[in-house]
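The sequence shown begins at 185 in this note's numbering and counts up one residue at a time.
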Amino acid sequence: MSPEDVGRRFLRMVDSLTSFDALSESRILENMRLPITHSDPKIGGYMSAQIPDSSWRYSF
C-alpha cells in the first residue's frame with residue numbers, strides 16, 4: 185500500500201463523517217484497514233499505523 189492509498193482512505197473517511205462525534209477508534213480501524221497501535225501521548229497522536237514494507241508511519 186502506498187502513502188497515496190493511505191491518504192485517499194483517510195480523506196474518504198473524513199468526507200463520510202457527519203459530525204466530530206462520529207469520529208471514533210472503531211471508525212478509524214474500519215476505514216483505514218491498517219494495523220494500528222496506540223501511540224505514546226508524549227510523541228503525539230492517538231493511534232499510529234506503520235505501513236507494511238515501508239518507512240512511512242501515520243498518527244491519527
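Ideal Cβ positions, reconstructed from N, Cα and C, are used throughout, including at glycine. Quantities reported herein were computed from a predicted structural model and do not represent experimental measurements.
For Ile212, the enclosing alpha helix (DSSP H) covers residues Glu209 to Met216.
The beta carbons of Leu201 and Leu207 sit closer together than 7 Å.
According to the DSSP assignment, Met231 belongs to no alpha helix (DSSP H) but to the beta strand (DSSP E) extending over Met231 to Gln234. If you draw a straight line from the Cα of Ile235 to the Cα of Pro187, it comes to about 8 Å. Under the three-state reduction of DSSP, Ser203 is assigned to coil, being neither helix nor strand.
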